[in-house]
Amino acid sequence: MDDVDVTVMSIALPGSPPSEEIGGVHVRRVDPFRFRSTGFITWVLNFNEEMIEEALRLYDEWKFDLIHVHDWLTGPAGIALKHLLHKPLIATIHATEAGRRGGIHDEEQFIIHSWEWRTTYEAWKVIVCSNYMLNEVSAVHGVPKDKLIMIPNGIDISYIDSVKVRPGFRDLYAMPSEKIIVFVGRLVHEKGPDLVLAAFKELLKWDWNLKLLVVGDGPMREYLMGLAHDWGIWNKAYFTGRVDDETLYSILKVSDLAILPSRYEPLE
389 MDDVDVTVMS IALPGSPPSE EIGGVHVRRV DPFRFRSTGF ITWVLNFNEE MIEEALRLYD
449 EWKFDLIHVH DWLTGPAGIA LKHLLHKPLI ATIHATEAGR RGGIHDEEQF IIHSWEWRTT
509 YEAWKVIVCS NYMLNEVSAV HGVPKDKLIM IPNGIDISYI DSVKVRPGFR DLYAMPSEKI
569 IVFVGRLVHE KGPDLVLAAF KELLKWDWNL KLLVVGDGPM REYLMGLAHD WGIWNKAYFT
629 GRVDDETLYS ILKVSDLAIL PSRYEPLE
């Protein structure tokens, strides 16, 4: 909306500018390694402290009216700013630690779970992207149903339709005789990429003219590539890593089958 001024605060990746404007949205980035961290939790808390400092500097200029955080990762900053500035806090919860891990099993998971609860407790409204997550957040964190708002993720079909597959694009990934099976997602346990690879190995016993494209990146990538090598199917599985939107939609258009084997899928 033209009458809404939005500033997005995030962490900086190598080569990214500390500030820029993208599509009318102000983007501010903080250095996530400015302070020494002893582990994942302290790393998150450190960059939240930087976000608080940067937001307070920006508030002197822009006087924003609403604070919006995503998951627990920016919850500490959002909660602090809510109380410092006396502004309403909105939280979007994409998944829960209990859901991702099938329960809470160690101290780090308990800390994350506790910050999730605190974020949903402090928030004026909590946004989720599916009815599944509405019920999960209510059950896991005791959030009243009238505090939860379900807003499905949107997709621009017109942009996908506008992407034209370049001549010879399919040949970059598979032989003309091969049918393409594609998996798209983060390479983490809950998304089930190992299930895809295991099923693909079995399919090759019946039909060798197949190619598996694994699109995405994550901590399981090297493990999955090792499995493909150990199973003797490394030349039939193509790990693309992260790709841009145009490449992604082109891959989907030339593929014969897309598979989503998630063990835990909040978007359903």
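The sequence shown begins at 389 in the numbering used here and counts up one residue at a time. Glycine included, each C-beta is placed from N, C-alpha and C at the ideal position.
Taking a 10 Å sphere around the C-beta of residue 438, we find 16 or more other C-beta atoms and assign the residue as buried. Residue 565 sits in coil when the DSSP states are folded into three classes, being neither helix nor strand. Just measuring C-alpha positions, the residue of 475, 520 and 461 sitting nearest residue 501 is 461. Within the model, the alpha-carbon separation for residue 444 versus residue 565 is close to 59 Å. By the Cβ-count criterion, residue 434 is buried, with 16 or more other Cβ atoms from all chains shown falling within 10 Å of its own Cβ. Counting only runs of 3 or more residues that sit fully inside the region 554 to 633, the beta strand (DSSP E) segments are 567 to 572, 598 to 603 and 625 to 629, in chain order. Between residue 515 and residue 537, the gap from beta carbon to beta carbon is short of 8 Å. CA-CA distance, residue 416 to residue 409, rounds to 9 Å. Sixteen is the threshold: since fewer than 16 other Cβ atoms of the shown chains lie within 10 Å of the Cβ of residue 404, the residue is exposed. Less than 8 Å divides the Cβ of residue 454 from the Cβ of residue 475. Residue 536: not part of any alpha helix (DSSP H); member of the beta strand (DSSP E) spanning 536 to 538, first to last residue. Taking residue 446 as reference, the option from 407, 457 and 430 with the minimal CA-CA separation is 407. In the three-state scheme derived from DSSP, where H, G and I count as helix and E and B as strand, residue 425 is classed as coil.
The Cβ neighbour count for residue 521, taken over all protein chains shown within 10 Å, is at least 16; the residue is labelled buried. Along the region 460 to 545, the beta strand (DSSP E) occurs as fully enclosed runs of 3 or more residues at 477 to 480, 513 to 516 and 536 to 538, listed in sequence order. The DSSP assignment places complete beta strand (DSSP E) segments of no fewer than 3 residues inside the region 392 to 423 at 395 to 399, 407 to 410 and 413 to 418, in order along the chain. In this structure, the beta-carbon distance from residue 477 to residue 487 does not fall below 8 Å. In this structure residue 601 touches residue 639 by the C-beta definition: roughly 6 Å separates them, less than 8 Å. Within a 10 Å sphere around the beta-carbon of residue 610 sit fewer than 16 other beta-carbons, which makes this residue exposed. In the DSSP assignment, residue 645 is bridged to 569. The DSSP-derived three-state label of residue 457 is strand. By the neighbour-count definition (other C-beta atoms within 10 Å, threshold 16), residue 643 is a buried residue. Sixteen is the threshold: since fewer than 16 other Cβ atoms of the shown chains lie within 10 Å of the Cβ of residue 428, the residue is exposed.
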